[in-house]
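Report on the following structure.
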Amino acid sequence: MSISDRVVVMRKGRIVEAGRPLELYIRPKRLFTANFVGEANFLAGEISRVAENGSIIDLGNNMKLASTDKSRRAGERVVIAFRPEFAAIRKEKGRNTLPGKIINTIYSGNLLRLTIELPGGDEITVKKTIRTGEAFPRLGERVMVNIPPESVLVYPYPEGGLHRELSLD
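Residues 1 to 169 (this note's numbering) are what the sequence shown spells out, left to right.
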């Protein structure tokens, strides 16, 4: 994608989405594209409120996230997606945070990849750049995961289910 000015994402011989590489990565229009182009976290939820500046998604287990997306309606079942590198680890609860426990860590050069278990059992991935002198999160540590509202993408819940929608088959 680094030498392309336009990319076409296909599935089973059909065009799913076409656009500039960065657009397809940052703001994919389709759930399949969000999964196919790069890595993403996916969580099912329901729109609890839509306002002038975006919407609030209820993820269950007392977890809610805000998104700048205003295209859905209250009560609609949805899937949210966000890139692991757009999330940040915090020690304390703040705006647009999810509570979780670190269940796996992988060090890879300057990148730390964390798997975090949320209340209810869903798992998400957070990628964090390693900086000199910075304390590393520990396995088993309870943390808050901050996701900026502009990074929370919202899609209608797929009729055939999330797993089927993301599958390459």
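Heads up, the beta-carbon is just placed ideally off N, CA and C, and yes, glycines get one too.
- Counted as a single uninterrupted DSSP element, the stretch harbouring A44 is not any alpha helix (DSSP H) but the beta strand (DSSP E) occupying residues N41 to A51.
- Note on V145: 16 or more other CB atoms within 10 angstroms of its CB, so buried under the neighbour-count rule.
- Using a Cβ distance threshold of 8 Å, N96 and L59 do not count as a contacting pair.
- In the three-state scheme derived from DSSP, where H, G and I count as helix and E and B as strand, T132 is classed as coil.
- Taking T68 as reference, the option from S151, G121, R164 and G45 with the minimal CA-CA separation is S151.
- In this chain, the beta strand (DSSP E) harbouring F82 covers R77 to F82.
- For the beta strand (DSSP E) assignment, the uninterrupted runs of no fewer than 3 residues enclosed by the segment 84-129 are, from N- to C-terminal side, 88-90, 97-108, 111-117 and 123-129.
- In the DSSP annotation of this structure, the continuous segment of the beta strand (DSSP E) that includes Y155 starts and ends at L153 to P156.
- Pairing A44 with T125, the inter-Cα distance amounts to about 15 Å.
- Across the structure, V143 and L111 are spaced so that their CA atoms are roughly 18 Å apart.
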